[in-house]
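Asker: Here it is, the structure in full.
2 protein chains.
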Amino acid sequence: MRRLSHYLRALEGFDRNGGGTVSSEELASKGHTTAAQVRKDLSHFGSFGKRGLGYGVSELVDRLRAILGVDRAWRVVLVGAGRIGSALFEYPDFKARGYDCVAVLDSDPHKIGAKWGNTTIRDTAELEAVVVREQIDLVVLAVPAVAAQEVTDRAVRAGIKGILNFAPVRLKVPAQVPVEDVNLVMELEALSFRITRGGASE
Amino acid sequence: MRRLSHYLRALEGFDRNGGGTVSSEELASKGHTTAAQVRKDLSHFGSFGKRGLGYGVSELVDRLRAILGVDRAWRVVLVGAGRIGSALFEYPDFKARGYDCVAVLDSDPHKIGAKWGNTTIRDTAELEAVVVREQIDLVVLAVPAVAAQEVTDRAVRAGIKGILNFAPVRLKVPAQVPVEDVNLVMELEALSFRITRGGASE
């Protein structure tokens, strides 16, 4: 899956530079993998390209966007208006990729009512109402660990489809609600583990 | 590796609550895995625990800290004093885990000279001097994609041991320098991919 994201980035680069066709070798060099792996990855999702002619860049971009679910808009609520929340809210690539942060919630009375651009920070108590009224698809969870499970339970009951979790805790969710965890300390631990063990392989 | 980080978090919880011993079943429930997986993971790193008696919490915490390389201090330079850099700099868990951000660099003349707490933002041009003088181990790279490879090349030549990369680009590094990538858009793409494909499995 991660390789598909890398291929899409590489293809969008080719597309901006004029499009045409691209070989699996060219894609492989951009994705730090092999041409055989590229062909295998793409073959999972149907038949792309013609032997000896390569892949049509525009066609493959469209197919990969559909596969990755970025050919549509996703409506996002950010819960937690702290520093990480603020950095995420301003992250230009989210909007460009179709992730639209339509609401920001926090439980701190000093933050509720403040404005980030055109978005007014609202009370986390309004979560369920916001999810329903704003037709929210995804929750970006940037609250302290102690608050994360309760917010998750409420968001799941309100009908959200997935969670991007920055809280350093394993969330309990029903099987049909995927969670992606981003734990910044664990990323650093992964790095120090690899340095300590003396190998750079992933 | 990620499971080891989860086990360590769970064990530290047990440790704060009085320590003693813990069974592989208890660890498994905290790590959302199975007792057999816990025993297999831990057996890779030597013999822990006694059959039927469980693991000594304090002993296992110490061993996991050593395995993960968090029983020592890591000296970190943050390159890129934007919003993500700022959020990372303030992240309380980094310091608690032994990651000490001793320098912050940016190339924006408006930021150079500003203070974050006791840390003065310095010019990215000083990177090599800072790495040597401050005995930097790790670079946290929070610069725009176009600048990432150049900063990486310079940091590698100056002798850093690993990179935590927030720039949305695949860095080219020598085999002995591990890179951990955190690409926030790719995390959201992973989520929308799983929702679109209708499965929640990782």
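The listed protein sequences correspond, in order, to chains A and B. Taking my numbering, the leading residue of the first sequence gets 1, the next gets one more, and so forth. Taking my numbering, the leading residue of the second sequence gets 1001, the next gets one more, and so forth. Every residue, glycine too, gets a C-beta built ideally from N, C-alpha and C.
Considering only the beta carbon of each residue, do Val61 of chain A and Leu141 of chain A sit closer than 8 Å?
Answerer: Counted from its first residue, the first sequence places residue 61 of chain A at position 61. Counted from its first residue, the first sequence places residue 141 of chain A at position 141. In this structure, Leu141 of chain A does not lie closer than 8 Å to Val61 of chain A by Cβ.
Asker: Can you tell me which of A:Ala129, A:Thr124 and A:Thr21 puts its alpha carbon nearest to the alpha carbon of Ala148 of chain A?
Answerer: Your numbering for residue 148 of chain A matches position 148 in the first sequence. Among A:Ala129, A:Thr124 and A:Thr21, the Cα nearest to that of Ala148 of chain A is on A:Thr124.
Asker: Could you give the DSSP three-state label for Leu1191 of chain B: helix, strand or coil?
Answerer: For this step, residue 1191 of chain B is matched to residue 191 along the second sequence. In the structure shown, Leu1191 of chain B sits in a helix (DSSP, three-state: H, G or I).
Asker: At the 8 Å Cβ level, is Thr196 of chain A part of the contact set with chain B, yes or no?
Answerer: Residue numbering aside, residue 196 of chain A sits at position 196 when the first sequence is read from its first letter. Judged by the 8 Å Cβ criterion, Thr196 of chain A is in contact with chain B.
Asker: Would you identify the three-state DSSP class for Val1104 of chain B, choosing helix, strand or coil?
Answerer: Taking the first residue of the second sequence as position 1, residue 1104 of chain B is located at position 104. In this structure, Val1104 of chain B counts as strand in the three-state DSSP scheme.
Asker: What residues from chain B crowd round Pro178 of chain A, counting only those whose CB sits closer than 7 Å?
Answerer: One-based indexing of the first sequence puts residue 178 of chain A at position 178. Neighbours of Pro178 of chain A on chain B, chain order: Leu1191, Arg1194, Ile1195 and Ala1200.
Asker: So, under 8 Å CB-CB, Ala73 of chain A and Gly98 of chain A are touching, yes? Tell me the CB distance rounded to an integer number of Å.
Answerer: The residue you call residue 73 of chain A lines up with position 73 of the first sequence. The residue you call residue 98 of chain A lines up with position 98 of the first sequence. 5 Å between Cβ atoms; contact.
Asker: In its own chain, which residues sit with a C-beta less than 7 Å from the C-beta of Ser1201 of chain B, not counting the 5 before and 5 after it?
Answerer: As a position in the second sequence, residue 1201 of chain B is number 201, starting the count at 1. No answer about Ser1201 of chain B holds up, because its pLDDT of 45 lies below 50 and its placement is not dependable.
Asker: Compare the Cα-Cα distances from Thr1119 of chain B to each of B:Val1102, B:Leu1042, B:Leu1127 and B:Arg1133 and report the closest residue.
Answerer: What you label residue 1119 of chain B is simply residue 119 of the second sequence in a count that begins at 1. The candidate whose alpha carbon is nearest that of Thr1119 of chain B is B:Val1102.
Asker: Would you identify the three-state DSSP class for Glu1090 of chain B, choosing helix, strand or coil?
Answerer: If you number the second sequence from 1, residue 1090 of chain B lands on position 90. Reduced to three states, the DSSP call for Glu1090 of chain B is coil.
Asker: Measure the alpha-carbon distance for Gly1056 of chain B versus His1032 of chain B and round it to whole angstroms.
Answerer: Translated into positions along the second sequence, residue 1056 of chain B becomes position 56. Translated into positions along the second sequence, residue 1032 of chain B becomes position 32. If you take the alpha carbons of Gly1056 of chain B and His1032 of chain B, they lie about 20 Å apart.
Asker: Suppose you measure from the CA of Val1156 of chain B to the CA of Gln176 of chain A; what does that come to, to the nearest Å?
Answerer: Looking up residue 1156 of chain B in the second sequence gives position 156. Looking up residue 176 of chain A in the first sequence gives position 176. Their backbone Cα atoms lie some 43 Å apart in a straight line.
Asker: Please go through the same chain and pick out, in chain order, the residues whose beta-carbon is closer than 7 Å to the beta-carbon of Gly18 of chain A, but skip the five residues on each side of it.
Answerer: Translated into positions along the first sequence, residue 18 of chain A becomes position 18. There are no such residues.
Asker: Under a Cβ-count criterion, where at least 16 other Cβ atoms within 10 Å of its own Cβ denotes burial, should Leu53 of chain A be classed as buried or exposed?
Answerer: Numbered from 1 along the first sequence, position 53 holds the residue referred to as residue 53 of chain A. Leu53 of chain A should be labelled exposed.
Asker: Does the stretch 1184-1200 of chain B come within contact of the stretch 173-189 of chain A, defined as at least 3 CB pairs closer than 8 Å?
Answerer: Segments in contact, yes.
Asker: Would Glu1189 of chain B be called buried (16 or more neighbouring beta carbons within 10 Å of its own) or exposed?
Answerer: Reading the second sequence from its first residue, position 189 is the one you call residue 1189 of chain B. Label assigned to Glu1189 of chain B: buried.
Asker: In chain B, which residues lie less than 7 Å from Leu284 of chain A when you measure between Cβ atoms?
Answerer: The structure shown does not extend to residue 284 of chain A, since chain A is modelled only from 1 to 202, so the question has no answer here.
Asker: Report the partner residues of Thr1119 of chain B according to the DSSP bridge assignment.
Answerer: In the second sequence, the residue the question calls residue 1119 of chain B occupies position 119. B:Trp1116, per the DSSP bridge assignment.
Asker: Could you give the distance in angstroms between the alpha-carbon of Ala145 of chain A and the alpha-carbon of Thr152 of chain A?
Answerer: If you number the first sequence from 1, residue 145 of chain A lands on position 145. If you number the first sequence from 1, residue 152 of chain A lands on position 152. Looking at the two C-alpha atoms, the distance is approximately 11 Å.
Asker: Please look up how many angstroms separate the CB atoms of Ile1160 of chain B and Val1139 of chain B, rounded, as I've assumed it's under 8 Å.
Answerer: For this step, residue 1160 of chain B is matched to residue 160 along the second sequence. For this step, residue 1139 of chain B is matched to residue 139 along the second sequence. Indeed, because the Cβ distance is near 5 Å, the residues count as touching under 8 Å.
Asker: Enumerate in chain order the residues of its own chain whose CB-to-CB distance from Ala1105 of chain B is below 8 Å, with the five nearest sequence positions on each side excluded.
Answerer: Locating residue 1105 of chain B in the second sequence gives position 105, counting from the first residue. Looking at the sequence shown, residue 1105 of chain B is not Ala but Leu. Closer than 8 Å at Cβ, skipping near neighbours: Val1077, Leu1078, Val1079, Gly1080, Ala1081, Ile1121, Arg1122, Asp1123, Thr1124, Glu1126, Leu1127 and Val1130.
Asker: Which one of B:Val1022, B:Lys1115, B:Asn1165 and B:Ala1158 has the shortest CA to CA distance from Arg1133 of chain B?
Answerer: Taking the second sequence and counting its residues from 1, one reaches residue 1133 of chain B at position 133. Among B:Val1022, B:Lys1115, B:Asn1165 and B:Ala1158, the Cα nearest to that of Arg1133 of chain B is on B:Ala1158.
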